[in-house]
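S.K.: Residue numbers 275 to 574, in the numbering used here, belong to the letters of the sequence shown in order.
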Amino acid sequence: MLQKFNEKNRDLQININGKLLHRDEAGISPFDSAVQGGDGVWEGLRVYDGKIFRLNAHLDRLRSSALAMAFAEIPSHETIANEIKRTLEANGMRDNAHIRLTLTRGVKLTSGMDPRLNTAGPTLIVLAEHKEPVYDKTGLSLITSSVRRPSPDVLDPKIHHCNLIQSILAKIEATHAGADDALMLDQRGFVAETNATHLFIVEGDTVVTSRLVACPEGITRDVVLNLCRQNDIAHEIRDYSLTEVYRADEMFCTGTMGELAPVTQVDGRTIGSGEIGSMTRRLSGLFDQCVAAEAEPVLD
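1) When DSSP labels each residue in this structure, what does GLU518 get in the three-state scheme?
2) Let me check one thing: in DSSP terms, what residues is LEU341 bridge-paired to?
3) Between GLY311 and SER515, what straight-line distance do the alpha-carbon atoms span, to the nearest angstrom?
4) Helix, strand or coil for ASN500, going by three-state DSSP, please let me know.
5) Can you tell me the Cα-Cα spacing of PRO396 and TRP316, whole angstroms?
6) In terms of residue numbering, what span does the alpha helix (DSSP H) encompassing LEU560 cover?
7) In whole angstroms, what separates the C-alpha of VAL487 from that of PRO426?
8) Confirm, please, whether the CB-CB distance from SER415 to GLN287 is below 7 Å.
9) Opposite ASN392 in the DSSP bridges: which residues?
10) Rounded to a whole number of angstroms, what is the C-alpha to C-alpha distance between LYS405 and ASN291?
11) According to the neighbour-count rule (16 or more other Cβ atoms, all chains shown, within 10 Å of its Cβ), is LEU362 buried or exposed?
12) At the 7 Å Cβ level, is ASP313 part of the contact set with chain C, yes or no?
13) Going by DSSP, which residues form a beta bridge with TYR322?
14) Which partner residues does VAL537 have in the DSSP bridge list?
15) Go to GLY452, then tell me how far its beta strand (DSSP E) extends in each direction, as first and last residue.
16) Measuring CB to CB, does LEU319 end up less than 7 Å from ILE373?
17) For GLN440, which residues from the same chain have a beta carbon less than 6 Å from its beta carbon, with the 5 sequence-adjacent residues on both sides left out?
18) CB-CB under 7 Å to ALA522, same chain, minus the five flanking residues each way: which ones, in chain order?
19) Taking C-alpha atoms, which residue in CYS436, ASP460, THR418, GLU467 lies nearest to HIS450?
20) Spatial neighbours of LYS359 within its chain, please: C-beta separation below 6 Å, excluding the five flanking residues on both sides.
21) In terms of alpha-carbon separation, which member of GLU447, THR483, VAL497, SER552 lies closest to PHE561?
22) By the DSSP assignment, the beta strand (DSSP E) with THR397 in it spans what residues?
23) Check whether the region 330-346 touches the region 446-466, taking contact to mean three or more Cβ pairs, one atom from each stretch, closer than 8 Å.
24) Can you say whether THR471 is buried or exposed, counting buried as having 16 or more other CB atoms within 10 angstroms of its CB?
25) So, under 8 Å CB-CB, VAL537 and CYS527 are touching, yes? Tell me the CB distance rounded to an integer number of Å.
26) Taking 7 Å as the cut-off, decide whether the C-beta atoms of CYS489 and PRO431 are in contact.
27) Can you list, in chain order, the residues of its chain with a C-beta nearer than 6 Å to that of ALA508? Leave out the 5 residues immediately preceding and following it.
28) Are GLY532 and PRO424 closer than 7 Å when you measure CB to CB?
29) My understanding is that THR378 touches ALA308, with C-beta atoms under 8 Å, so please give their C-beta distance in whole angstroms.
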């Protein structure tokens, strides 16, 4: 789970507001809103053979988050897609690549939280890297974090914002415990997600995932639920507790960075047989087919 430096990324070209710069030259103003207060929104994209899976869905979520944050300017889907294409071409990337797309409110005229201080913006950053899915497909271990996910009355998870301190704190706990990632509960004690991915459990032939109370609107999560509907796989969207996790037949996590990955241990307890389960295998195969059929062309 600890990512390592990929030599292919040594001379990356980073795209900042349409300007391509070497990774060692790329710079963001200290007055940029992301630096000042984490005032930005982001998306993760994965490139498959010159195509990006669910590109428009990701750009829709980026725009939705920016609207919720009252950004004065939001680049069009066409503008962002064009900058993504330019960045991929500049780096010679076509497959096995991951893109971190960040949109900040822009540059402030002086330090401060007030958005009225923003006189230049927004800032669009396209960071593309040679990166295969990062999660171990043979089985992940999780520990339950003491850090809770907030509900919408504290901080609405539908805003895909750059304030990731909660996730970082949870990840630190997982690392110290020797686990791959952290399972995070909501304020009521129900399972929300991990520090980086959505979670699913399998009870018999039924796939279960959390409601969107304390976790974001996941793109991959939505794909998995649609695959269940299309293939007559029983599924439920509801609150579930750690007790249900411990006695589950299978568990897996979903996300753009790692696609679908099985979870075989939580808090030192073996989940199911301790191996990747049949439902996880089936959904992983269906997901691969969906990507191959529906990824949106970006490169010629």
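C-beta: ideal position from N, C-alpha, C; glycine also.
M.R.: So, to answer that:
1) helix
2) DSSP output for LEU341 lists no bridge partner at all.
3) 34 Å
4) helix
5) 13 Å
6) 552-568
7) 7 Å
8) no
9) LYS382
10) 23 Å
11) buried
12) Given the protein chain composition of this structure (a single chain), no chain C is represented.
13) LYS325
14) LEU414
15) Where GLY452 is concerned, there is no enclosing beta strand (DSSP E), given that its DSSP letter is neither H nor E.
16) yes
17) VAL421
18) ILE475, VAL476, GLU477, ILE545, GLY546
19) THR418
20) VAL572
21) VAL497
22) 397-404
23) no
24) buried
25) 6 Å
26) yes
27) ASP479, THR480
28) no
29) 4 Å
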